[in-house]
Amino acid sequence: MTADEALEFVESLLAQQNIRLSDLERIVFKGAWNGDTYKEIHRSCENRTSPEHLERNVSAQLRQKLSQVLGEPVKKRNLQGSIDRARKALHSNQSLNSESLNSESLNSESLNTESLNSQSLNPESLNSESWSGTTLENPVENRRESEIDREDWYRFVPDVPLFEGRKAELDQLALQIRLRGCRLLAICGVGGGGKTALAVRLGQAVWDQFEVCIWRSIVHQRPTPDALIADLQEVLSDRPANRLRDQLRDRRCLIVLDGFEAVLKSGVHDGAYLDGYEEYSQLLNEISTTMHQSCIILTSREEPKEVTALKEQMPASVQSFFMRGLGERSVRALFNHKEFNHKDNFSGSDGDWWTLRRQYGGNPFALNEVAAFIRDFYRGDIARYLEESQEEVLLENARSQIETQIARLSPLERQVVDYLAEHQPATLKEIQTVNPRQVRSALNSLRRRSLLDIEDVNYSLTQLLRCYFRDGSEAD
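So, in structure tokens, the structure goes:
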């Protein structure tokens with residue numbers, strides 16, 4: 374039997390228990406089947422993960438799944454023998470069943486337990502000799518807990534009825550998680566940019582790679598670091614809690630923390646945390662620098678300073694992704710989801726669509742609000758709306774989103790923003806007239822807040838912010 378044939382056989386058994394292998398687990402399986410060393414297996418991964426993660430975590434998770442479905446402790450050295458016994462047991466059962474049950478096929482329960490091996494899984498025997506030395510818990514118990522954890526995810530995750538124009542970003546981020554072993558991912562951008570929606574769909578895209586999935590809204594609950602850790606430990610285990618980092622190592626967990634900016638101070642540009650929330654800095658550092666097999670996703674209007682530093686030091690483990698505006702095709706699709714009470718539809722030339730997208734920087738929230746306005750007051754006529762509005766106009770809800778973010782700026786950041794509103798684009802030397810000593814840190818903070826466009830050596834405000842100031846100056 375070839376490695377591919379063995380893998381196909383094993384995955385057919387796993388599928389009957391609704392268990393899937395990750396891409397890295399498939400690579401480890403085929404390498405182990407062929408007798409490769411971990412060094413050789415790691416080369417097959419094309420540096421998509423670290424050798425330590427592959428040997429300590431991926432192999433342990435694979436071994437746990439195989440031991441569960443094959444009904445006996447599986448080790449690297451007895452892999453072929455375990456699968457050969459499983460195939461023989463399966464063929465034997467199929468022969469018996471065909472005689473007594475005519476054409477009825479072998480059911481999944483007999484396949485998973487007595488038909489393969491009368492020995493029940495013994496946690497001690499599973500721990501006696503692993504591929505990687507990582508201690509494993511009873512996989513049957515883990516599976517039962519995992520089902521509870523899925524209920525936890527669905528209890529807190531928000532509904533995302535509309536998701537347009539993010540497939541490329543979704544595929545890119547899923548690749549980072551699936552194949553590169555990303556431990557900490559920050560999805561950053563201004564309000565209304567689609568961060569939460571992307572995080573929801575990303576979680577769904579990589580769902581099969583994780584044993585446990587958890588969603589927590591930081592922006593609504595604002596838990597202290599100790600409260601969050603206690604909450605996560607309670608979900609991850611009903612036994613006396615180990616340290617969180619141990620749980621992240623022992624089980625493959627996906628944890629989304631939505632609205633992380635809620636624990637950051639406003640009015641400062643050094644990325645400081647609220648009083649009583651400073652331990653989040655240590656938590657992010659520990660998540661990033663400790664070897665484990667889990668992934669934590671943050672959504673935030675501001676990139677945490679720890680992510681800014683750590684992504685340069687360990688780019689495979691720590692990543693940040695800044696949301697960009699929707700493209701023109703996605704804007705059209707977004708508008709087409711609006712329902713009309715009459716036979717009209719949105720109309721406009723290619724130039725009208727391009728102008729509309731540019732005016733609002735492709736921001737989904739602002740465009741969704743504008744779409745409803747054009748539908749209700751212009752019967753879908755985009756050209757007439759653009760002609761009569763003359764300048765870019767932010768409607769009430771989009772304007773409120775921007776004001777919330779501007780209110781978080783430090784006094785120096787606000788000075789820089791006011792200067793750029795009048796003099797953009799501007800070079801660093803020109804902006805330094807505001808404050809020669811500290812302007813660099815203010816510019817870096819504005820970049821982390823997704824309020825700054827940088828092209829070559831020129832700085833300017835993002836399009837949505839320009840729209841806010843043009844509209845605001847006229848309103849004043």
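Per our numbering, residue 374 is the first one in the sequence shown, and the count goes up by one each step.
Even for Gly, the Cβ is constructed at its ideal location relative to N, Cα and C.
Small disclaimer: the values here were computed from a predicted structure and weren't measured.
- Ile775: member of the alpha helix (DSSP H) spanning 769-779, first to last residue.
- Going by C-alpha positions, Ala815 is about 6 Å away from His642.
- Residue pairing from DSSP places Arg589 in a beta bridge opposite Leu630.
- Short of 6 Å from the beta carbon of Leu656, and not among the five residues preceding or following it, lie these beta carbons of its own chain, in chain order: Pro598.
- Contact check for Ile670 against Leu601 fails: the beta carbons are separated by 8 Å or more.
- In the three-state reduction of the DSSP assignment, Glu675 falls in the coil class, being assigned neither a helical nor a strand state.
- About 6 Å separates the Cβ atoms of Arg551 and Val579, confirming a contact at the 8 Å cut-off.
- Inter-residue distance for Glu651 and Glu795 is about 37 Å (C-alpha atoms, whole angstroms).
- In the structure shown, the three-state DSSP call for Val691 is strand.
- A contact is defined here as three or more CB-CB pairs under 8 Å, and the stretch 822-839 meets this definition with respect to the stretch 785-793.
- Here Leu627 really is in contact with Ser667; their C-beta atoms are around 7 Å apart, less than 8 Å.
- Cβ-Cβ distances below 7 Å link Arg460 to Phe382 in the same chain, with the five nearest sequence neighbours on each side left out; the list follows chain order.
- Here DSSP, grouped into helix, strand and coil, assigns Ala559 to strand.
- Around the Cβ of Ile747, a 10 Å sphere holds 16 or more other Cβ atoms; the residue is buried.
- Taking a contact as a CB-CB distance under 8 Å, the pair Val608 and Val573 does not count as one, their CB atoms being some 18 Å apart.
- Beta-bridge partners assigned by DSSP to Ile669: Leu557, Ile628.
- For Asp826, the uninterrupted beta strand (DSSP E) segment begins and ends at 825-828.
- With contacts defined by Cβ atoms closer than 8 Å, Pro798 and Asn831 form a contacting pair.
- In this structure, the straight-line span from the alpha carbon of Thr800 to that of Leu427 is close to 46 Å.
- Remark: fewer than three beta-carbon pairs, one from each stretch, lie closer than 8 Å, so the stretch 708-723 and the stretch 675-683 are not flagged as touching.
- Annotation for Asp396: Arg551, Leu552 place their beta carbon closer than 7 Å to its own, counting only its chain and skipping 5 residues before and after.
- At the C-beta level, Arg674 and Gln778 come within 8 Å of one another.
- The beta carbon of Leu768 lies closer than 8 Å to those of Ala739, Glu742, Val743, Phe746 in the same chain, with the five residues before and after it left out.
- Taking the Cα positions, Arg843 is about 11 Å away from Gln732.
- In its chain, beyond the 5 residues on either side, Ile400, Val401, Gly404, Leu427 have a beta carbon closer than 7 Å to the beta carbon of Ile414.
- In the same chain as Arg781, and ignoring 5 residues on each side of it, the C-beta atoms closer than 6 Å to its own belong to Ser639, in chain order.
- Taking a 10 Å sphere around the C-beta of Ala388, we find fewer than 16 other C-beta atoms and assign the residue as exposed.
- Within the same chain, Cβ atoms closer than 8 Å to the Cβ of Thr835 are found at Val563, Gly734, Ser823, Leu824, Leu825, Asp826, the five residues on either side in sequence being excluded.
- Closest by C-alpha distance to Asn709, out of Gln453, Phe536, Ile775, Glu384, is Phe536.
- It is roughly 43 Å from the alpha-carbon of Ala541 to the alpha-carbon of Arg458.
- The shortest CA-to-CA distance from Leu785 to any of Gln774, Leu630, Glu776, Val807 is the one to Val807.
- Here the alpha carbon of Gln805 sits roughly 55 Å from the alpha carbon of Arg393.
- In this chain, the alpha helix (DSSP H) harbouring Tyr758 covers 755-762.
- For Pro737, the number of other beta carbons within 10 angstroms of its own is at least 16, and it is reported as buried.
- Taking a 10 Å sphere around the C-beta of Pro596, we find 16 or more other C-beta atoms and assign the residue as buried.
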